[in-house]
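A.B. asks:
Residue numbers (UniProt numbering): 1 to 540.
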């Protein structure tokens with residue numbers, strides 16, 4: 001409780017500061033507008049709801065009695081994993097046995113992968129050869145949900161084909177819950193102000209602890225992210241205190257440690273939820289007054305910020321440019337190449353899958369009867385972007401993403417952040433293509449005369465949508481590459497420049513008028529100057 005309170009106290013201070021900056025940026029953006037390219041594809045305003053993404057049977061290991069049970073698993077539109085006693089229980093609306101929010105989980109398909117992670121989570125405790133493992137899998141096709149802090153879930157199926165299907169389904173759940181789109185209404189539904197304020201506050205908090213760069217556990221809803229932030233600091237302390245006092249055989253100690261970690265994680269989650277809600281409420285209370293000040297003094301705030309930026313620029317830019325020239329510029333082409341190949345292949349596959357689905361639908365209309373079947377086919381097509389198995393061939397292209405030596409050089413802990421971001425873009429582009437196709441076809445329906453007319457119209461609309469897709473996917477990929485390059489290079493530059501620049505920033509504080517101190521931060525302005533030093537190379 002003490003550690004949670006301390007971490008959250010520091011985080012909430014960061015959040016309050018970033019809230020003012022984000023509010024200023026949002027109002028300025030609203031006034032000045034967006035000069036970016038306009039999307040050609042239409043975007044679904046009302047998301048598809050109340051549909052089941054996937055369902056089927058699989059075996060679930062129940063830790064309490066160490067038995068495997070056949071369960072009916074349903075993935076609803078919010079990407080939670082819901083386990084029922086059987087299909088009949090689901091159809092009768094009986095309460096589910098288990099609800100899983102999979103944010104932060106990894107999907108493992110061998111017991112060896114799992115044991116390796118479990119052994120490393122409690123150093124010095126490794127079961128001897130021949131000892132019973134932490135659990136026994138009755139088939140050769142396990143699916144294990146592993147989390148660094150929360151409880152683990154064990155499943156298995158009968159064939160490798162089933163394992164591949166369920167792995168795609170579970171990965172889809174993890175991807176969406178990680179993105180804050182998941183489970184049970186508790187998601188990152190934040191506005192244009194709270195979302196950037198939150199992610200910037202997390203980043204600033206971690207940088208204050210000398211932790212730069214991407215973070216794998218920036219996933220799930222806000223309370224989950226903050227719980228992960230607390231656990232990142234708390235778990236090593238707990239391990240050192242409790243680890244040596246655990247009794248029993250190695251696997252018993254491992255099992256106990258997983259249970260302790262999960263219990264602590266849940267306690268941290270409860271405390272975090274209450275404290276974060278209070279901090280959010282306080283910022284919301286102050287928001288109207290802050291917004292009024294911004295609108296009244298917008299020009300003076302911009303002038304004041306530009307004056308501060310010019311002074312910081314004169315101090316920082318010469319150092320930053322040398323750093324960029326020596327340590328970043330030479331590597332930008334190879335980072336870009338590593339990102340471009342799998343991403344471009346993934347977006348090409350989205351185009352191919354969309355083309356094939358619409359073409360198959362057209363063939364079925366020719367062979368099976370026109371307009372009567374159209375509603376049924378269109379209903380299936382509308383869910384294409386949310387079909388984990390059909391989309392898997394697009395998503396798996398990102399598995400090739402390797403940053404090899406660049407990962408060590410730029411201190412990137414893992415490529416999963418970039419893989420998942422690209423996959424989310426793919427799903428969005430697929431859904432935009434499908435929705436645009438639906439809308440254009442709907443507009444044509446009243447003018448059509450018979451089956452032949454319908455088929456020609458579908459073909460013509462498909463070609464139009466593919467042209468729009470090519471334009472939009474190119475824009476989305478460029479934006480993704482830009483953001484990824486910045487995410488890789490900026491933390492590296494900030495870390496390199498910290499010894500010579502960070503200590504000198506305090507002297508710039510006196511350049512900010514007290515009335516504007518909520519909207520202009522020295523550290524944010526310093527980071528913008530560092531960003532400008534590399535932006536030209538990245539845009540090229």
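Every residue gets a Cβ at the ideal spot worked out from N, C-alpha and C, and that includes glycine.
Let me confirm a value: residue 227 is counted as buried when at least 16 other C-beta atoms fall within 10 Å, else exposed. Which label applies?
C.D. replies: What you label residue 227 is simply residue 227 of the chain shown in a count that begins at 1. Burial call: buried.
A.B. asks: Please work out which residues of its chain come closer than 8 Å, Cβ to Cβ, to residue 185, disregarding the five sequence neighbours upstream and downstream, and give them in chain order.
C.D. replies: On the chain shown, residue 185 is found 185 positions in, with the first residue counted as 1. Because residue 185 carries a pLDDT of 39, less than 50, the predicted location of this residue cannot be relied on, and no value is offered for it.
A.B. asks: If we ignore side chains and look at the alpha-carbon of each, how far apart do residue 395 and residue 143 end up?
C.D. replies: For the purposes of this step, residue 395 is taken as the residue at position 395 of the chain shown. For the purposes of this step, residue 143 is taken as the residue at position 143 of the chain shown. Answer to the nearest angstrom: the Cα atoms are 19 Å apart.
A.B. asks: DSSP on residue 144, reduced to helix/strand/coil?
C.D. replies: Working through the chain shown from its first residue, we reach residue 144 at position 144. DSSP places residue 144 in strand when its eight states are reduced to three.
A.B. asks: What number of angstroms, rounded off, separates the C-alpha of residue 269 from the C-alpha of residue 358?
C.D. replies: Numbered from its first residue, the chain shown carries residue 269 at position 269. Numbered from its first residue, the chain shown carries residue 358 at position 358. So the alpha carbons of these two residues sit roughly 45 Å apart.
A.B. asks: Within a Cβ cutoff of 8 Å, which residues of the same chain sit near residue 157, ignoring the five residues on either side of it in sequence?
C.D. replies: Looking up residue 157 in the chain shown gives position 157. Excluding sequence neighbours, residue 157 sits near 58, 59, 139, 141, 143, 163, 166.
A.B. asks: What is the DSSP secondary structure of residue 318, reduced to helix, strand or coil?
C.D. replies: Within the chain shown, residue 318 is the residue found at index 318, counting from 1. Residue 318 falls in the helix class under three-state DSSP.
A.B. asks: Whole angstroms are fine: how far does the CA of residue 66 sit from the CA of residue 255?
C.D. replies: One-based indexing of the chain shown puts residue 255 at position 255. One-based indexing of the chain shown puts residue 66 at position 66. The straight-line gap from Cα to Cα measures roughly 12 Å.
A.B. asks: Using only alpha-carbon positions, find the residue among 486, 417, 74, 455 that is nearest to residue 366.
C.D. replies: Mapped onto the chain shown, residue 366 falls at position 366. Comparing Cα positions, the closest option is 455.
A.B. asks: Identify the residues that DSSP records as bridge partners of residue 153: which are they?
C.D. replies: Within the chain shown, residue 153 is the residue found at index 153, counting from 1. Bridge partners of residue 153: 145.
A.B. asks: Using C-beta distances below 8 Å, list every residue in its chain close to residue 62, excluding the 5 sequence neighbours before and after it, in chain order.
C.D. replies: Here residue 62 refers to the residue found at position 62 when the chain shown is read from its first residue. The residues are 68, 69.
A.B. asks: Can you tell me which of the three DSSP states residue 219 falls into?
C.D. replies: Numbered from its first residue, the chain shown carries residue 219 at position 219. Three-state DSSP puts residue 219 in coil, outside helix and strand.
A.B. asks: Count the other C-beta atoms from every protein chain shown that fall within 10 angstroms of the C-beta of residue 31, then say buried if there are 16 or more, exposed otherwise.
C.D. replies: Position 31 of the chain shown, counting from 1, holds the residue named residue 31. With fewer than 16 Cβ atoms within 10 Å of its Cβ, residue 31 is classed as exposed.
A.B. asks: Might you give, ordered along the chain, the residues of its own chain that have their beta carbon closer than 7 Å to the beta carbon of residue 24, omitting 5 neighbours on each side?
C.D. replies: One-based indexing of the chain shown puts residue 24 at position 24. The residues are 294, 301, 519.
A.B. asks: Which whole-angstrom value is the C-beta distance of residue 434 and residue 474, which I expect to be below 8 Å?
C.D. replies: Counting from one through the chain shown, the residue named residue 434 turns up at place 434. Counting from one through the chain shown, the residue named residue 474 turns up at place 474. The Cβ separation is near 19 Å, so there is no contact.
A.B. asks: Does residue 55 come out as helix, strand or coil in the three-state DSSP assignment?
C.D. replies: Residue numbering aside, residue 55 sits at position 55 when the chain shown is read from its first letter. The answer is strand: DSSP assigns residue 55 an E or B state.
A.B. asks: Based on Cα-Cα distance, which residue from 239, 332, 101 lies nearest to residue 534?
C.D. replies: Reading the chain shown from its first residue, position 534 is the one you call residue 534. The residue with the shortest Cα to Cα distance from residue 534 is 332.
A.B. asks: Using DSSP with H/G/I as helix, E/B as strand and the rest coil, what is residue 184?
C.D. replies: Here residue 184 refers to the residue found at position 184 of the chain shown. In this prediction, residue 184 has a pLDDT of 40, which is less than 50 and means its spatial position is unreliable; nothing more can be read from the coordinates.
A.B. asks: For residue 350, report the span of its alpha helix (DSSP H) as first-last.
C.D. replies: Position 350 of the chain shown, counted from the start, is the residue given in the question as residue 350. First-last of the alpha helix (DSSP H) with residue 350: 332 to 368.
A.B. asks: Starting from the C-beta of residue 238, find all residues in its chain whose C-beta is less than 8 Å away, skip the five residues before and the five after it, and write them out in chain order.
C.D. replies: For the purposes of this step, residue 238 is identified with residue 238 of the chain shown, where counting begins at 1. If we look at residue 238 and ignore the five residues flanking it on each side, its Cβ neighbours are 260, 261, 264.
A.B. asks: So for residue 99, helix, strand or coil by DSSP?
C.D. replies: Taking the chain shown and counting its residues from 1, one reaches residue 99 at position 99. Residue 99: strand per DSSP, three-state reduction.
A.B. asks: Within the chosen definition, does the stretch 328 to 344 reach the stretch 485 to 501 through at least 3 CB pairs nearer than 8 Å?
C.D. replies: Touching, yes.
A.B. asks: For the beta strand (DSSP E) containing residue 67, name the first residue and the last one.
C.D. replies: Within the chain shown, numbered from 1, the residue matching residue 67 stands at position 67. First-last of the beta strand (DSSP E) with residue 67: 67 to 76.
A.B. asks: Can you look up residue 512 in the DSSP assignment and give me helix, strand or coil?
C.D. replies: Along the chain shown, read from residue 1 onward, the residue named residue 512 stands at position 512. Reduced to three states, the DSSP call for residue 512 is coil.
A.B. asks: For residue 393 and residue 283, what's the separation of their Cα atoms in angstroms?
C.D. replies: Position 393 of the chain shown, counting from 1, holds the residue named residue 393. Position 283 of the chain shown, counting from 1, holds the residue named residue 283. Cα-Cα distance, rounded: 44 Å.
A.B. asks: Could you check if residue 223 is buried or exposed, using at least 16 other CB atoms within 10 Å of its CB as the buried criterion?
C.D. replies: Position 223 of the chain shown, counting from 1, holds the residue named residue 223. Classification for residue 223: buried.
A.B. asks: Flag this pair as yes or no: are the beta carbons of residue 512 and residue 304 separated by less than 8 Å?
C.D. replies: Indexing the chain shown from 1 puts residue 512 at position 512. Indexing the chain shown from 1 puts residue 304 at position 304. Taking 8 Å as the Cβ cut-off, residue 512 and residue 304 qualify as a contacting pair.
A.B. asks: Applying the 10 Å Cβ sphere with the 16-neighbour rule, what's the burial state of residue 431?
C.D. replies: As a position in the chain shown, residue 431 is number 431, starting the count at 1. Buried is the call here.
A.B. asks: Nearest to residue 541 by CA position, among 13, 315, 22, is which residue?
C.D. replies: Since the first and last residues shown for the chain are 1 and 540, residue 541 lies out of range.
A.B. asks: Are the Cβ atoms of residue 385 and residue 427 separated by less than 8 Å?
C.D. replies: Within the chain shown, residue 385 is the residue found at index 385, counting from 1. Within the chain shown, residue 427 is the residue found at index 427, counting from 1. Yes; because the gap between Cβ atoms is below 8 Å, this pair is in contact.
A.B. asks: Apart from the five residues just before and just after residue 204, which ones in its own chain have a Cβ nearer than 6 Å to its Cβ?
C.D. replies: Counting from one through the chain shown, the residue named residue 204 turns up at place 204. Closer than 6 Å at the Cβ level, and outside the excluded window around residue 204, lie 14.
A.B. asks: Is the beta carbon of residue 146 less than 8 Å from the beta carbon of residue 122?
C.D. replies: For the purposes of this step, residue 146 is taken as residue 146 along the chain shown, with counting starting at 1. For the purposes of this step, residue 122 is taken as residue 122 along the chain shown, with counting starting at 1. Result no, Cβ atoms of residue 146 and residue 122 do not sit closer than 8 Å.
A.B. asks: Could you spell out where the alpha helix (DSSP H) holding residue 520 opens and where it closes?
C.D. replies: Within the chain shown, numbered from 1, the residue matching residue 520 stands at position 520. Segment: none, residue 520 is in no alpha helix (DSSP H) and carries neither H nor E.
A.B. asks: What's the gap between the Cα of residue 402 and the Cα of residue 345?
C.D. replies: Position 402 of the chain shown, counting from 1, holds the residue named residue 402. Position 345 of the chain shown, counting from 1, holds the residue named residue 345. Roughly 14 Å separates the two Cα atoms.
A.B. asks: For a quick check, are the C-beta atoms of residue 271 and residue 4 less than 8 Å apart?
C.D. replies: Numbered from 1 along the chain shown, position 271 holds the residue referred to as residue 271. Numbered from 1 along the chain shown, position 4 holds the residue referred to as residue 4. A contact, by the Cβ cut-off of 8 Å.
A.B. asks: Using a Cβ-Cβ cutoff of less than 7 Å, which residues in the same chain neighbour residue 524 once the five nearest sequence positions on both sides are dropped?
C.D. replies: Stepping through the chain shown from its first residue, residue 524 is reached at position 524. Here the set comprises 21.
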